[in-house]
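Student:
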Amino acid sequence: MKKIIGILIFTLILTSCSDKVVADFEIMNNTEFNIDSLKIEPNISDVGKYISLKKGEKAVYKSDMTTIAKTDGAYQISFLVNGINKTQVFGYYTNGYPLERITKINIEKDTILIDQVFEKD
């Protein structure tokens with residue numbers, strides 16, 4: 001019995017240390033141009049992966065928030081479209097965790113539309 005309890009405790013410790021915190025984004029390029037160097041990160045982070053989107057293309061982007069400080073903050077999207085750098089701060093996370101289930105982002109010709117979804121469909 002002690003052996004089983006020991007194995008259970010060991011397993012719980014291993015699995016609790018590997019929890020990843022990820023913010024999910026669905027991005028749609030509704031411009032007439034390709035988008036390059038797009039990244040979305042908490043505004044206190046400068047590390048992230050870059051993606052590109054062709055005109056009319058939709059992509060899912062996952063931002064790893066596991067290593068950021070357990071503070072409150074906002075997200076920042078940045079990208080290059082038609083030779084112009086665009087940046088926008090949006091949304092909110094608390095204690096290093098996203099509040100929303102997914103954020104849907106539509107990049108239009110002259111604006112960025114953001115819809116944060118908090119409940120399941």
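Mapping of the sequence shown onto the UniProt record's numbering: position 119 corresponds to residue 119, and the numbering continues sequentially without gaps. Every residue, glycine too, gets a C-beta built ideally from N, C-alpha and C.
So, for R101: in the same chain, excluding its five sequence neighbours on each side, which residues have a beta-carbon less than 8 Å away from its beta-carbon?
Tutor: Same-chain partners within the cutoff: D24, V117, F118, E119 and K120.
Student: How long is the line joining the alpha carbons of K109 and T66, rounded to whole angstroms?
Tutor: Going from the Cα of K109 to the Cα of T66 covers about 33 Å.
Student: Which residue comes first and which comes last in the beta strand (DSSP E) that contains N34?
Tutor: First-last for N34: undefined, no H or E at that position.
Student: Do you know whose CA, among M1, I68 and L113, lies nearest Y97's CA?
Tutor: Here the closest residue by C-alpha is I68.
Student: Is the beta carbon of T71 sitting closer than 8 Å to the one on K55?
Tutor: No. Outside cutoff.
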